[in-house]
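*Asks:* Shown below is the structure under consideration.
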Amino acid sequence: MSITKPICVVDDDEAVRVALSSFIRSSGWAVETFDSAAALLAFSARHEIALLIADIRMPGMSGIEMFDQLVKTGKQPPTLFVSSYCTPEHQRRVGQLKVLGLMQKPFSLSTLSELIVKTLGDPPAAA
Numbered sequence: 581m582s583i584t585k586p587i588c589v590v591d592d593d594e595a596v597r598v599a600l601s602s603f604i605r606s607s608g609w610a611v612e613t614f615d616s617a618a619a620l621l622a623f624s625a626r627h628e629i630a631l632l633i634a635d636i637r638m639p640g641m642s643g644i645e646m647f648d649q650l651v652k653t654g655k656q657p658p659t660l661f662v663s664s665y666c667t668p669e670h671q672r673r674v675g676q677l678k679v680l681g682l683m684q685k686p687f688s689l690s691t692l693s694e695l696i697v698k699t700l701g702d703p704p705a706a707a
């Protein structure tokens with residue numbers, strides 16, 4: 581298997597993390613999952629993230645607050661926000677950020693796959 585920078589999924593919902601992790605891995609990408617923004621920010625290789633998929637609404641720090649912290653370090657990866665409950669304020673705030681966008685849960689995995697390939701290209705070939 582080829583070693584590659586991971587796609588990171590940050591979501592407090594374990595079912596979402598497992599489903600996205602399985603889908604991303606089966607598509608040929610390396611993946612790391614985190615159950616909170618704080619866990620992602622503590623990730624020692626966060627400067628090596630190929631793509632970040634983050635829930636907006638999480639206990640503690642929101643996905644947007646986490647992204648703001650990454651921006652302060654100058655190491656923010658391409659980011660896609662996801663949310664089950666998206667308020668107009670969330671939409672407005674995400675629209676102000678330099679991110680890939682916001683997808684409402686549940687979303688199409690084929691749409692997610694297209695976005696990943698558009699952002700990163702084809703997955704690395706297995707060795």
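Those letters in the sequence shown? Residues 581 to 707, per the numbering used here, in order. Where is the CB? At the ideal position from N, CA and C, for every residue including glycine.
(1) Inspect the beta-carbon positions of L660 and M683 and report whether they are closer than 9 Å.
(2) Below 8 Å on the Cβ atoms is my guess for C588 versus I629; work out the distance and round it to an integer in Å.
(3) Can you give the Cα-Cα distance for M646 and A705, rounded to whole angstroms?
(4) Distance, Cα to Cα, L680 vs R597?
(5) Starting from Q684, trace the beta strand (DSSP E) both ways and give me its first and last residue.
(6) What residue from T584, S607, D648 has the CA that sits closest to S690's CA?
(7) Rounded to a whole number of angstroms, what is the C-alpha to C-alpha distance between M581 and S602?
(8) Quick one: what's got a C-beta closer than 7 Å to Q649's C-beta in the same chain, skipping five residues either side?
(9) Assuming I636 and I644 form a contact by the criterion Cβ under 8 Å, report the distance between their Cβ atoms to the nearest whole angstrom.
(10) Compute the Euclidean distance between the alpha carbons of T613 and S642, then round it to the nearest angstrom.
*Replies:* This is what the structure gives:
(1) yes
(2) 5 Å
(3) 31 Å
(4) 19 Å
(5) 681-684
(6) S607
(7) Since pLDDT at M581 reaches only 40, below the 50 mark, its modelled position is unreliable, and the value read off the structure follows with that caveat. Answer to the nearest angstrom: the Cα atoms are 16 Å apart.
(8) L621
(9) 6 Å
(10) 16 Å
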